[in-house]
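A.B. asks: This is the structure I want to talk about, given as structure tokens.
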Amino acid sequence: MTLQRPFDERLHTYLDILLKLGVNLQQGQTLVISTGSPTVIEDVAPVARQLTRKAYEMGARHVFMQWDDAEVAQMRMLMAPEEALSEIPMWRVKWMEELAEQGAAFLNLYAPDPNLYSDVDSARVATAMRAGARAGAQLAAAASTLRHPWLVASVATRAWARQVYPQAPDVEAVMTLWDYIFAATRVNQDDPLAAWRRHLDGLNERTQYLNTARFRRLHYRAPGTDLRIELPERQVWVGGGNSVSAQGIAFVPNLPTEEVFSLPVRAGVEGVVSSTMPLNYNGNLIEGISLRFEAGRIVEFDARQGRDLLATIIETDDGSHYLGEVALVPVDSPVNTGTPVRNTLFDENASCHLAIGRAYPICLEGGAKMSPEELAAHGANTSLEHVDFMVGSDKLDIDGETVSGEMVPVFRSGMWAR
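Numbered per my numbering, the sequence shown finishes at 1423, counting up by one with no gaps.
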């Protein structure tokens, strides 16, 4: 049942979902709230303050806030000396690493401006992003091996709302965007937490099916796409309902979450694939991506818009020439309104997607405890990058090839085939 409650009540429910279901904050635990990408602080601060109050009411030991102002970040990208863009304040990184080791919960309020760096040379953006990725590699490894609870969620901001609803006045656009966020995160349902538990149970059923099927390959077919993806023998399919941290805390890393995902064999991808939605990459849009793979490696690429930026992603390191994630999402996802919202957290949960770069070790049996060499031996890709791009549509068919060579329908017309 769907209910239309007053805004303040729905926001209260949403923040409860983030803390109680998302990071599953524990008594005495530290919470780190960050914006992940530069944003207009005035848009995020009221929500961050409410989260802080709620976290302390739940018994948090500390609540720390980390944010970067969008206008200041834009000035840096445009005006800082070239060499300064590769300098990262390591004291801040080390502090975050220490909190991660202590088992703190990390809540990222992800709401980037799709046009923040549209006037900045893509090479300067790439320099800064690579420096940040290198500095944050240990933090990324801690998150990807579930050494602490973490969550990526979003808040409605003016910059984002203007992109999604360009004809509406700012106040109306922001409120409409909040309505969309609440619908996508089941806030409007009669009992949101119960609705989430049912949904997570459904995702777990999907992962159980795929983990039992243990397909050798997936074959994607759609306009502009004819792609074969080999899966490792020790593959593990993961969904939002089966993440447990090293401390034994069950949490949901993304809200919304509609995907089940695993990893490809690094050298086992062949064919061509075309994106179906724009990609908002660190304040710039890339549209109409097309990639061709041979022995897993991207050997040709193009884009209608943002080709130079796509090139900087692919050229980050050797691993960014390969895929690290394969994720399945049906087109009837409640996140999917038929129009991209230019926020990857939402667009990737409205569409099947792939990721250029780093694989998640948890997608291999025992992978969280493997060394980089062991992961590589099992076919897992490593990279500073992990960039999701959307490939799903109502024209996408996917078949799974079994060990015996049988072809089993997995998706038909963008929907689960069973």
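Glycine included, C-beta positions come from ideal geometry on N, C-alpha and C.
Here the structure is a predicted model, which means the values were calculated and not measured.
Return the chain-ordered ranges of every beta strand (DSSP E) run that is complete within the stretch 1014 to 1065 and spans a minimum of 3 residues.
C.D. replies: 1036 to 1039
A.B. asks: In three-state terms, what does DSSP make of Gln1168?
C.D. replies: Here Gln1168 sits in helix by DSSP.
A.B. asks: Secondary structure at Trp1242, three-state DSSP: helix, strand or coil?
C.D. replies: coil
A.B. asks: Which same chain residues, not among the five before or five after Thr1190, have their C-beta less than 7 Å away from its C-beta?
C.D. replies: So the list reads Tyr1019, Ile1022, Leu1260, Pro1261, once near-sequence residues are dropped.
A.B. asks: Can you give me the C-alpha to C-alpha distance between Leu1151 and Val1028, rounded to a whole angstrom?
C.D. replies: 12 Å
A.B. asks: State whether the stretch 1280 to 1288 contacts the stretch 1114 to 1132, with contact taken as three or more CB pairs (one from each stretch) at a distance under 8 Å.
C.D. replies: yes
A.B. asks: Distance check for Gly1033 and Met1101, CA to CA, integer angstroms please.
C.D. replies: 18 Å
A.B. asks: For Ile1319 and Val1415, what's the separation of their Cα atoms in angstroms?
C.D. replies: 29 Å
A.B. asks: Is His1391 helix, strand or coil by DSSP?
C.D. replies: strand
A.B. asks: I'd like the span of the beta strand (DSSP E) that includes Glu1299, first residue to last.
C.D. replies: Start and end: 1295 to 1299.
A.B. asks: What are the uninterrupted segments assigned as beta strand (DSSP E) that are 3 or more residues long and contained completely in the stretch 1158 to 1209, given in chain order?
C.D. replies: none
A.B. asks: Let me know if His1204 comes out buried or exposed under the rule of 16 or more other beta-carbons within 10 Å of its beta-carbon.
C.D. replies: buried
A.B. asks: What's the C-alpha gap between Arg1219 and Glu1088?
C.D. replies: 48 Å
A.B. asks: Is the separation between the beta-carbon of Val1169 and that of Cys1368 shorter than 8 Å?
C.D. replies: Not closer than 8 Å, so no.
A.B. asks: Given this structure, state the Cα-to-Cα distance separating Met1070 from Leu1198, to the nearest angstrom.
C.D. replies: 26 Å
A.B. asks: Taking Val1270 and Glu1305 to be in contact with their CB atoms under 8 Å, please state how far apart those CB atoms are, rounded to whole angstroms.
C.D. replies: The Cβ separation is near 20 Å, so there is no contact.
A.B. asks: Would you kindly check if the distance between the Cβ of Tyr1365 and the Cβ of Ser1149 is under 8 Å?
C.D. replies: A contact, by the Cβ cut-off of 8 Å.
A.B. asks: Decide if Lys1374 is buried, meaning its Cβ has at least 16 other Cβ atoms within 10 Å, or exposed.
C.D. replies: exposed
A.B. asks: With a cut-off of 8 Å on the beta carbons, I'd call Val1077 and Ala1140 a contact; round off their distance for me.
C.D. replies: With a Cβ gap of about 19 Å, Val1077 and Ala1140 do not count as contacting.
A.B. asks: Give the secondary structure of Gly1329 by DSSP, where H, G and I count as helix, E and B as strand, and everything else as coil.
C.D. replies: In the three-state reduction of the DSSP assignment, Gly1329 falls in the strand class.
A.B. asks: Helix, strand or coil for Ile1403 per DSSP?
C.D. replies: strand
A.B. asks: Under the rule that 16 or more other beta-carbon atoms within 10 Å means buried, what is Gln1194, buried or exposed?
C.D. replies: buried
A.B. asks: Where Ile1046 and Ser1376 are concerned, what is the direct C-alpha to C-alpha distance, given to the nearest angstrom?
C.D. replies: Each residue's alpha carbon lies about 39 Å from the other.
A.B. asks: Compare the C-beta of Gly1293 against all C-beta atoms of chain D and say whether one is closer than 8 Å.
C.D. replies: Absent from the structure: chain D. Only one protein chain is present.
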